[in-house]
Ligand SMILES: Nc1ncnc2c1ncn2[C@@H]1O[C@H](COP(=O)(O)OP(=O)(O)OP(=O)(O)O)[C@@H](O)[C@H]1O
């Protein structure tokens, strides 16, 4: 694989605030966070002693931000990049009930409240329709529950899947279920089917709290004829990641199985924080990606070749002061992570997408047992890889 020198760019860190809930108001909580959307400053007020901490980011959304605005200004470019042959990642991080799933999934019924995933599904096929090229779109949906990676779709949902590294350094999930899709509706159907299988429980903070880290992968390949009249393939993988909440168990009041889940999530999020710290510290010589399944899967997204947006969600209530401070400190560090987005553009020996099918063309080659979540070059059809500006 020939690799041109890629320029590095920081990952984009976006703060999204959620206002006081009825419950906050009833419990006499006050707003501890104020936002200046023009200067992109978040101010965290310690109401007990009148002190205020200030943090500045590239993009900050107050509670009145619309789902469309959030998608258009942050995720649309990532989706466009994936259609063009880059890997792209959107990560939704935050404490319990801070709005992570609202940002990723949103409402299924109300068009205006639809989140990033349904909007991405729609726009992918709108863009494909505008092109002359042939496309192949595939989806996978896995989650990490109590440290184990499992399919959220397909038959074997209880099987623990192995994550491994190939000889050329790619991270793969063995036996990941992959579905080929022809339109936005089928893609969204895969997502919804997976969501129905996800683990959601009621906690003191949220009646529908996510108990596992969820990864929806959309792989897009397109075929085109290059300037040398030979066929080429572009391949990009979109990772849409809804993390389980960083949770103070004394606040959420969980016990038994819920407590085990929370401890497992907290430990993987702690490794997430360590990876962010290691990537942004001049002193560190080792990045502990392998210390959790979560960071192993996210290796390409944090300090790798993906274009990445990290949403940090915060509750404005004074009740959440400690969690907000923790999340903002993580966000400030994450701003310093640099990725090197790399185009996957491979010459192939034969055209592999049939011209008799419309819009999205299906690949006739046999599917492999293992599908890759972050592959840059499939040896199945690659004769050489190169990069284009
Ligand atoms: N920006 C927002 N505007 C309006 N409602 C919101 C917003 N963010 C979150 N909500 C509402 O707050 C509630 C909790 O949000 P959500 O389930 O997305 O939180 P979460 O961070 O995913 O929670 P958990 O970590 O417990 O799974 C939901 O009812 C959701 O609709």
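Numbering (the numbering used here), first residue to last: -16 to 372. Idealized CB from N, CA, C, for every residue including glycine. Owing to the predicted nature of the structure, the values given are computational and were not obtained by experimental measurement.
Residue i: CB within 7 angstroms of a non-hydrogen atom of ligand 1
i, result
"residue 81", "yes"
"residue 240", "no"
"residue 232", "no"
"residue 296", "yes"
"residue 130", "no"
"residue 236", "no"
"residue 101", "no"
"residue 177", "no"
"residue 228", "yes"
"residue 193", "yes"
"residue 134", "no"
"residue 303", "no"
"residue 375", "Nothing about residue 375 can be read from this structure; the chain reaches only from -16 to 372."
"residue 84", "yes"
"residue 46", "yes"
"residue 290", "no"
"residue 97", "no"
"residue 249", "no"
"residue 312", "no"
Cβ neighbour criterion (16 or more within 10 Å) applied to residue i
i, result
"residue 168", "exposed"
"residue 130", "exposed"
"residue 7", "buried"
"residue 75", "buried"
"residue 161", "buried"
"residue 251", "buried"
"residue 298", "buried"
"residue 101", "buried"
"residue 132", "buried"
"residue 194", "buried"
"residue 210", "exposed"
"residue 239", "exposed"
"residue 218", "buried"
"residue 147", "exposed"
"residue 339", "Low per-residue confidence applies at residue 339: pLDDT is 38, beneath 50, and the placement is therefore not dependable, though the value from the model is reported in the following sentence. Exposed, since its Cβ has fewer than 16 Cβ neighbours within 10 Å."
"residue -3", "buried"
Heavy atom of ligand 3 within 7 angstroms of residue i beta-carbon
i, result
"residue 108", "Absence of ligand 3 from the depicted structure is noted, with ligand 1 being the only ligands included."
Below-8 angstroms beta-carbon distance, residue i vs any chain E residue
i, result
"residue 166", "Within the model displayed, chain E is absent; a lone protein chain is all it includes."
* How about the stretch 199 to 209 and the stretch 111 to 121: do they share at least three Cβ pairs that are nearer than 8 angstroms? -> yes
* Asked: Counting pairs of beta carbons, one from the stretch 175 to 182 and one from the stretch 102 to 109, are three or more of them closer than 8 angstroms?
  -> No, the stretch 175 to 182 does not touch the stretch 102 to 109.
* With contact counted as at least three CB pairs below 8 angstroms, one residue from each stretch, are the stretch 256 to 268 and the stretch 31 to 44 in contact? -> no
* Report yes or no: do three or more beta-carbon pairs, one from the stretch 55 to 66 and one from the stretch 20 to 29, lie closer than 8 angstroms? => no
* **Stretch-stretch touch, CB-based, cutoff 8 angstroms, three pairs: the stretch 282 to 293 with the stretch 163 to 177** => no
* Output the residue ranges of the beta strand (DSSP E) runs that lie fully inside the stretch 267 to 344 and measure 3 residues or longer, sorted by chain position. => 290 to 298, 328 to 331
* Touching or not, the stretch 278 to 289 and the stretch 317 to 334, by the rule of three or more beta carbon pairs under 8 angstroms? -> They touch, by the three-pair rule.
* **Any 3 or more C-beta pairs closer than 8 angstroms across the stretch 50 to 61 and the stretch 266 to 278** => With the cut-off at 8 angstroms, the stretch 50 to 61 and the stretch 266 to 278 do not touch.
* Asked: Three or more beta-carbon pairs under 8 angstroms between the stretch 189 to 198 and the stretch 212 to 230, yes or no?
  -> yes
* **Touching by the beta-carbon criterion (3+ pairs, under 8 angstroms), the stretch 310 to 324 and the stretch 84 to 96** => In short, these stretches do not touch, since the Cβ pair count stays below three.
* Asked: Taking one C-beta from the stretch 225 to 236 and one from the stretch 74 to 90 each time, how about it: are there three or more such pairs within less than 8 angstroms?
  -> Enough Cβ pairs lie closer than 8 angstroms, so yes.
* Asked: Is the stretch 299 to 317 touching the stretch -3 to 13, taking contact as three or more C-beta pairs under 8 angstroms?
  -> yes
* What are the start and end residues of each continuous beta strand (DSSP E) run of 3 or more residues lying completely inside the stretch 26 to 56, in chain order? -> 34 to 39, 42 to 44
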